[in-house]
Every structure is written in C-alpha cells, then in structure tokens.
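Asker: There's a structure below that I have some questions on.
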Amino acid sequence: MFLLYNSGIALYQAGIKLAAKWNEKAGLLAKGQNGSFSILREKIIPGQKYVWFHASSLGEFEQGRPLIEELKRRFPEQKVILTFFSPSGYEVRKNYTGADVVLYLPMDTPRNVCRFLDIVKPEKAVFIKYEFWANYLTELKRRGIPTYLVSAIFRPQQAFFKWYGGWYRGLLSAFTHLYVQDKPSEELLKSIGVTNVTVAGDTRFDRVAEIAAQAKELPLVEAFAKGRRVLVAGSSWPLDEDILFDYFNSHEDLFLIVAPHVTSESHIEDICRKLKRPFARYTKTDEQHAAQADCLIIDCIGLLSSIYRYGQIAYIGGGFGVGIHNVLEAAVYGVPVVFGPNYHKFREACGLIDAGGGFSISESQQYVSLMDKLLQNTDYLSSCGKNSATFVDGNLGATDLIMHKLA
C-alpha cells in the first residue's frame, strides 16, 4: 500500500509543478516547498528542542494557535516550529511571531520526511484536525517521537471506518493520543479499537474568547453604531448580500455594517450599486460622516472579529456557497447569529442552533420573518443573544485540557 501511496504523492507533486505555470495557488505551493529546507538550514538552532505544530490551512492554524501561545506563555524558552500545507495558511501567517520557524511542509516523500526530521529533531509533534501524512506519521512513530492529533472530528464516511480502510486505520496507531471535538468521534474510534482518545472539545472557542478579550477599539465604527440597531454582516458573498440588502433598503430602523469576504474594488462597487440608502466606505470616511451613513462598508481586512461587538445581530456569509465562515467570532459577543443553509458540516453552527442562538435561512422570506421577529421583540432578541454567549462559555477549556498532556 505504501508503494501505491508514494506513487500517488509523486504524481501529485508533479501535478503541482505543472499547474504552477498558470495557477497562482499551485505556484505558491511549489515555490514554498522548494524553499522549505533553506528556511530550516537558516533558522533551526542545533541542540535546541522544538515542538512541531502542523496545520493544513488557516482554519486549522486558528485551532492550533491557542495551544502554541499557551505553550509559549508557560514555557517562554520553548522553541516552536509551525508548518503549513496550503498557501491560504502560510501566505497569511508566514510572519506569525508565536512560532520560531514558519514554513511550508515539505512534500510527504520518504526522503523529505527523513531529511525534515533529521534537521528539526522535534521532541513532540502536533497535527491539527485533519492531517494524516502517512510517511511523516510512520517515521515519527518509528523514531519514538510523541505525536498528537488535536481538535479532530471523525465521521462514518471516512476511510478509517470502511471495510477497505485497514491501511488507513493503521496510521492512527502513530498518534500517542487523539483529542477529538465530540463524543461521536470518540465512539467511532472505539469501534475500530482506537482507545487512546479524549473528548476535549474545540480550541476555537478558546481562541475567539481570547480575540474578544483583546478586541480593537474602532472609534469610526463606534461612531456609526452608537444608539442604533445594527446588523453586522461578516464574510458576505453576493448571494448573501442580495438577501441582506433587500431587507435593509426597505427597513429604515435597521442599520448595516457589511464586511464582504472579497474586498476587491469591483465587489465593493457592486455593493455600492445595490444599496439604496446612504453609505460610507471605512477607508474613505471619518467619524462624522460615518455617523450620518446608514450602511458602513468595511473595504479592508483584519477588523471583522472586533466589529461584531458593535452589532445587535450578526449574519455570517458563505452559507449559500461551499459553507459558512466563522460563526463563533460573532457568537462570543452574545448576539443572535444568522447564516445560510450550508452549515451542517460545521459542528459549532449546529450547536449554536440547538442552543437557541443561531438561525439558518434558505431564502429571502425566511430572512424577512426572522429579522422582523428579532427586531420587533426585544426580549426575544436579548434571549437569543444570551443563548449564543452561554453556548460559547460552555465550550471553553479545550486548550487547558490538551496542554495538561503536552506540557
């Protein structure tokens, strides 16, 4: 099976190099992996002990980040190496100061794996959520390096639980311990004989609580929101915006902050054309003019997690596409959270609905009915917001539980 796996890895690597000629993401990945060993030679300090964290992409990094930063708080001298597979993670966090070394993970070939581990010599390895690189896991086990999987979710349709999944199940034996998000994951693993499992929850809850505690003061947004009923629409896409703007344009008692997922000039201009009420762009206004607008367009990145605190209701985009964005960033501030229909793969969204703080809509009329109910019944609005806050508070603590083992 390893022969087949390694052949697949070689084909994938060749495909990346070919696609790099016209695909930007593939080009970044190929270039980044080519430079990984140069970064290691330059930055790894011989004789130092490193804890290695690996995240596939940005979302997984955000789950692992509380662990990295708690490790550094407890042991300031501890060296940390952070690897990414996807450009969407590395290119955003390549200057992350919480790790001593940040780089693309070299492709999972036997030669690269041995070379990587010979240079880094990690004392522990931590894989976040969904990473099962066979050669890395096998070699880590062979060398006796404690290896952990954190914030993991397992589902019945995964190969581990199929009749043909014996080889995949074998990879799980490389982990010293597996920290999963929920009880169903633990039960699935037990069904195939994997018992070194702890239900720890999701470290993202700890992360959003930390973000909220460190939220930026945004005087311009505060000037816009002061004394108003505000809906904050985060990471919105055009299909979300069509529904949001129809309601906003006809309800003068509701004010809107929209932070689109894509902040290209063409998209911002499209938003401006759809709005029928006065608006202002964050980067092109001041506090006085923002206070006179009915809609504030956030045409830059990096502010959204702090902006949710200025709203009474939050809408999270992406639910009419491949899936919703981060609902916890809004829920942590104790506001009702609304999103589109494609949320079922997101455990936190399902939990938020069950808790009475989240709502899914699949078409415009559902949104109208929900918004009318929230805006016309202040007790209901307040109760739903409290449900969101209670849901987040009740899921804190995964970081401390996992750190007890890692430390």
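Residue numbers for the sequence shown follow my numbering, beginning at 4 and rising by one.
All C-beta atoms in this analysis are idealised placements derived from N, C-alpha and C, irrespective of residue type, glycine included.
(1) Give the C-beta separation of F258 and R231 to the nearest angstrom, bearing in mind that I take them to be a contact with Cβ-Cβ under 8 Å.
(2) Going by other Cβ atoms of all chains shown within 10 Å of its Cβ, with 16 needed for buried, is Y383 buried or exposed?
(3) Based on the DSSP output, what are the partners of W55 in its beta bridges?
(4) Identify whether L259 lies in helix, strand or coil by the three-state DSSP scheme.
(5) Would the region 234-247 and the region 307-317 be scored as touching if the rule is three or more Cβ pairs under 8 Å?
(6) Please classify F78 as buried or exposed, where buried requires at least 16 neighbouring CB atoms within 10 angstroms.
(7) So Y285 and I300 are supposed to be a Cβ contact under 8 Å. How far apart are they, rounded?
(8) Curious, which full-length beta strand (DSSP E) runs of at least 3 residues does the region 87-119 contain?
(9) Please work out which residues of its chain come closer than 7 Å, Cβ to Cβ, to T100, disregarding the five sequence neighbours upstream and downstream, and give them in chain order.
(10) Restricting to runs no shorter than 4 residues, where is the alpha helix (DSSP H) found entirely within the region 128-206?
(11) Determine the direct distance from the alpha carbon of Q51 to that of R44, and round the result to whole angstroms.
(12) Is there contact here, the region 367-378 with the region 172-187, by at least three beta-carbon pairs under 8 Å?
(13) So what's F78 in DSSP terms, helix, strand or just coil?
(14) Within 9 Å (strictly less), CB to CB, does D103 reach chain D?
(15) Which value, in whole angstroms, describes the spacing of the CA atoms of L70 and I405?
(16) Can you grab the Cα-Cα spacing for the pair F135 / F88, in whole Å?
(17) By Cβ distance below 6 Å, which residues in the same chain neighbour L152 in space, the five residues on each side in sequence not counted?
(18) Considering just the uninterrupted stretch of the alpha helix (DSSP H) at A22, what are its terminal residues?
(19) Assuming the contact rule is C-beta atoms closer than 8 Å, A215 and V335 should be a hit. Round their C-beta distance to whole Å, please.
(20) DSSP beta-bridge partners for L234?
(21) What residues are listed by DSSP as bridge partners for I300?
(22) Please state the DSSP three-state secondary structure of S367.
(23) Could you compute how far the alpha carbon of D457 sits from the alpha carbon of S253?
(24) With distances taken between CB atoms, is the gap from N37 to P113 smaller than 9 Å?
(25) Only counting the same chain, and skipping five residues up and downstream in sequence, which positions put a Cβ closer than 7 Å to that of G354?
(26) Below 8 Å, how does it come out for the region 80-96 and the region 165-179: are there three or more Cβ pairs, yes or no?
(27) When the Cα of R158 is compared with those of L143, S194 and E65, which residue comes out closest?
(28) Relative to the C-alpha of G35, which residue among L409, P49, M4 and M110 is closest?
(29) For S39, which residues from the same chain have a beta carbon less than 6 Å from its beta carbon, with the 5 sequence-adjacent residues on both sides left out?
(30) What is the C-beta distance between G343 and F323, in whole angstroms, given that I count them as a contact (C-beta under 8 Å)?
(31) Give the secondary structure of S269 by DSSP, where H, G and I count as helix, E and B as strand, and everything else as coil.
(32) Pop quiz: V340 and G360 are said to be a contact at Cβ under 8 Å. What is the actual Cβ separation, rounded to whole angstroms?
(33) With DSSP collapsed to three states, give me the class of F248.
(34) Note down, in chain order, each residue of its chain lying with its Cβ closer than 6 Å to the Cβ of G67, except the 5 sequence neighbours on either side.
(35) Would V83 and V104 be called neighbours here (beta carbons separated by less than 9 Å)?
(36) Within the continuous beta strand (DSSP E) that includes F342, where are the two ends?
Answerer: Straight from the coordinates:
(1) Indeed, because the Cβ distance is near 5 Å, the residues count as touching under 8 Å.
(2) Under this definition Y383 is an exposed residue.
(3) In DSSP, W55 forms a bridge with I84 and A128.
(4) Annotated three-state conformation of L259 is strand, per DSSP.
(5) Output reads yes: the region 307-317 touches the region 234-247.
(6) So F78 ends up on the exposed side.
(7) Rounded to the nearest angstrom, the Cβ distance from Y285 to I300 is 7 Å, consistent with a contact under 8 Å.
(8) 104-107, all fully within the region 87-119.
(9) There are no such residues.
(10) Along the region 128-206, the alpha helix (DSSP H) occurs as fully enclosed runs of 4 or more residues at 137-145, 169-174 and 186-194, listed in sequence order.
(11) Cα to Cα, the separation comes out at about 14 Å.
(12) Result no; under three Cβ-Cβ pairs closer than 8 Å.
(13) F78 sits in coil when the DSSP states are folded into three classes, being neither helix nor strand.
(14) Among the chains in the structure shown there is no chain D, since it carries only a single protein chain.
(15) If you draw a straight line from the Cα of L70 to the Cα of I405, it is about 8 Å long.
(16) Cα-Cα distance, rounded: 12 Å.
(17) Cβ within range, chain order: F130, F178 and L181.
(18) Annotation: the continuous alpha helix (DSSP H) that includes A22 extends over F5 to A22.
(19) Confirmed, Cβ separation roughly 5 Å.
(20) Looking at the DSSP assignment, L234 forms a beta bridge with L259 and I316.
(21) Bridge partners of I300 according to DSSP: V261 and R284.
(22) In the three-state DSSP reduction, S367 falls in the helix class (H, G or I).
(23) In the structure displayed, the chain extends from 4 to 410; residue 457 sits before or after that span and is not available.
(24) Not closer than 9 Å, so no.
(25) Within the same chain, and ignoring the five residues on either side of G354 in sequence, the residues whose Cβ sits closer than 7 Å to its Cβ are F394.
(26) Proximity of the region 80-96 to the region 165-179 falls short of the contact definition, fewer than three beta-carbon pairs being nearer than 8 Å.
(27) Proximity to R158 across L143, S194 and E65 peaks at S194, based on C-alpha coordinates.
(28) In terms of Cα proximity to G35, the closest of L409, P49, M4 and M110 is M110.
(29) Correct list, in chain order: L106, Y107 and P109.
(30) Right, their Cβ atoms sit about 4 Å apart.
(31) S269: helix per DSSP, three-state reduction.
(32) Rounded, the Cβ-Cβ distance is 6 Å, consistent with contact.
(33) Judged by DSSP in its simplified three-state form, F248 adopts helix.
(34) Taking G67 as the centre and dropping the five residues before and after it, the same chain places the C-beta of F56, A58 and I131 closer than 6 Å to its C-beta, in chain order.
(35) Yes; because the gap between Cβ atoms is below 9 Å, this pair is in contact.
(36) Annotation for F342: the continuous beta strand (DSSP E) segment containing it runs V340 to F342.
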